[in-house]
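Protein chains in written order, with the working numbering: chain W, -4 to 166; chain G, 5 to 330. Glycine is no exception: its CB is placed at the ideal position from the N, C-alpha and C atoms.
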């Protein structure tokens, strides 16, 4: 009788300990999930912040900017001819800006949507740096300029465009 | 003999209470032993997990701060300005470690953060990297407030913006600086850069003598710091040499040239591309040569007159071209 009582107590204790351990493991996992999701959120928010700040400055970076090629130095002016060449060597610029894609869309004068390639340029209005669609978009208005020969004379042609950036969402 | 044994047993039988007490005092039941061992183990696990979580939290904080600093450098990109300034204030005493490597097409700018916690510097191995930033500073800068200013580097087209990172705890005194430098520093109005009334214990940057912490030979295009010499072209690289350790300056200069080489190739492609529209610039061969020189640059001593003259000629030719490339 005494032996049975002792065995029962040990069993009770063992079950209790397993329950306590399981409880702590579950609480730990719960805390870890919240913590990891918090980390992911803060990383995503930093990426978002980066894209937001970058979109206002990307047009002035040497790979995009007009410089003095179209007269005086202008801010938020993109050299379309240069971007066409950049598109061709974009594999070199992988992870350079930590963004997924860049798209420059002419918004004035309005025309039918046509993605630019070396064959149809400049009769197009969407300049995509990489293949794929723009997601989680941040945008800025810019002027998109290129050289154009008209009646044997070289002219600068500038149009109103929208520079759009999508970044790698970590969510 | 028998009677002696009987007497002994009688004596012990007369002390039953003492016998029980001794046994009770030493006896620990299995349940207690089991509970103590497992409880101790659970407590150990809990303490271990908490320590790990605190360390991870600190690491994540350091990594987050480093990334945030990198993101905050975006507004320092200049348009047509000759310079821009900004400052960062952090909640705790911080060390920003500046690292650089030349791997890949553009190399990488690496920032590592260590913050003071309970009077001890945290030791994190998390490096946050950027390919499009060029920070010039000492190996590490320490403080709560940091000043940043940037200047565009043109060779001969704009290659990038160079960012100078200085702790607010460190003052720089520019002695006998040329007028354009004095005027630039006074326009910049940064609290710790002085051209007159320098505070004591400031780092002396001299332009005409050698008895200073940093000596600048403005005409000769080099900066001397102790036994080390760093060569520069343009004011942007001069500031870079003044504020950086030689190792960082050389590595970042190489990265700047790596980007320059890519841009040179981009402009060469553009020249060919627009020539189909009848828009000629005739800079192809010079661009190719500059690209090759940029690719082979191994140190600032390679910034020689030949390379500088080539860049200057390219600028002149581009300015006179029918179709400017940049």
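Contacts with chain G (Cβ-Cβ distance below 7 Å) from the stretch 42 to 55 of chain W involve 44, 45, 48, 49, 52, 55, listed in chain order.
Going by DSSP, residue 42 (chain G) is part of the alpha helix (DSSP H) stretching over 34 to 76. Take the alpha-carbon of residue 92 (chain W) and the one of residue 136 (chain G): they are about 6 Å apart. Residue environment for residue 31 (chain W): exposed (fewer than 16 other C-beta atoms within 10 angstroms of its C-beta). Considered as a whole, the stretch 259 to 322 of chain G harbours 288 to 300 as its complete alpha helix (DSSP H) runs of no fewer than 4 residues, in chain order. Contact between the stretch 99 to 110 of chain G and the stretch 225 to 237 of chain G is not established, with fewer than three Cβ pairs separated by less than 8 Å.
When secondary structure is reduced to three states using DSSP, residue 119 (chain G) falls in the strand class.
Residue contact check for residue 281 (chain G) against chain W: a CB pair falls below 7 Å.
The straight-line gap separating the alpha-carbon atoms of residue 157 (chain G) and residue 155 (chain W) is approximately 28 Å. In the three-state reduction of the DSSP assignment, residue 235 (chain G) falls in the strand class, which pools E and B.
Scanning G:200, G:212, G:324, G:91 for the CA closest to the CA of residue 172 (chain G) turns up G:91. As computed with DSSP, residue 145 (chain W) is found in a beta bridge with W:148. Between residue 64 (chain W) and chain G, the shortest Cβ-Cβ separation is below 7 Å. Between residue 84 (chain W) and residue 86 (chain G), the alpha-carbon positions lie close to 29 Å from each other.
Residue 36 (chain W) and residue 29 (chain W) have their C-alpha atoms spaced approximately 10 Å apart.
Between the alpha carbons of residue 41 (chain G) and residue 128 (chain G) lies a gap of roughly 34 Å. Contact residues of the stretch 93 to 121 of chain W toward chain G are absent (C-beta to C-beta distance below 7 Å).
Beta-bridge pairing by DSSP links residue 114 (chain G) to G:103, G:133.
Closer than 7 Å to the CB of residue 35 (chain G) there is at least one CB belonging to chain W.
Ranked by how close their Cα comes to the Cα of residue 239 (chain G), the residues G:251, G:223, G:213 have G:223 in first place. Between residue 137 (chain W) and residue 94 (chain W) a beta carbon distance of about 16 Å is seen, past the 8 Å cut, so the two are scored as non-contacting. Taking the beta carbon of residue 142 (chain W) as reference, the chain G residues within 8 Å of it are 278, 281, 283, 327, listed in sequence order. Partner residues in a beta bridge of residue 97 (chain G), as assigned by DSSP, do not exist. Under the Cβ criterion of 7 Å, residue 87 (chain W) is counted among the residues facing chain G.
Taken atom to atom, the span from the alpha-carbon of residue 278 (chain G) to that of residue 82 (chain G) is near 27 Å. The residues 140, 153, 243, 247, in chain order, have a CB closer than 6 Å to that of residue 168 (chain G) in the same chain once the five nearest residues on each side in sequence are set aside. Inter-segment contact for the stretch 101 to 111 of chain W and the stretch 310 to 320 of chain G is absent: fewer than three beta-carbon pairs are separated by less than 8 Å.
Three or more beta-carbon pairs drawn from the stretch 174 to 186 of chain G and the stretch 205 to 224 of chain G are found closer than 8 Å, and the two stretches are therefore classed as touching. Residue state for residue 79 (chain G) is assigned as helix, using DSSP reduced to three classes.
In the three-state DSSP reduction, residue 70 (chain W) falls in the coil class, being neither helix nor strand. Linking residue 148 (chain G) to residue 60 (chain G) through their CA atoms gives a straight-line distance of about 22 Å. Residue contact check for residue 31 (chain W) against chain G: no CB pair falls below 7 Å.
Identification of chain W residues near residue 135 (chain G) by a Cβ-Cβ cut-off of 7 Å yields 90, 91, ordered along the chain.
Taking C-beta atoms as the reference points, residue 50 (chain W) and residue 103 (chain W) fail to come closer than 7 Å. By the beta-carbon neighbour count (other beta carbons within 10 angstroms, threshold 16), residue 123 (chain W) is buried.
Closer than 7 Å to the CB of residue 183 (chain G) there is not a single CB belonging to chain W.
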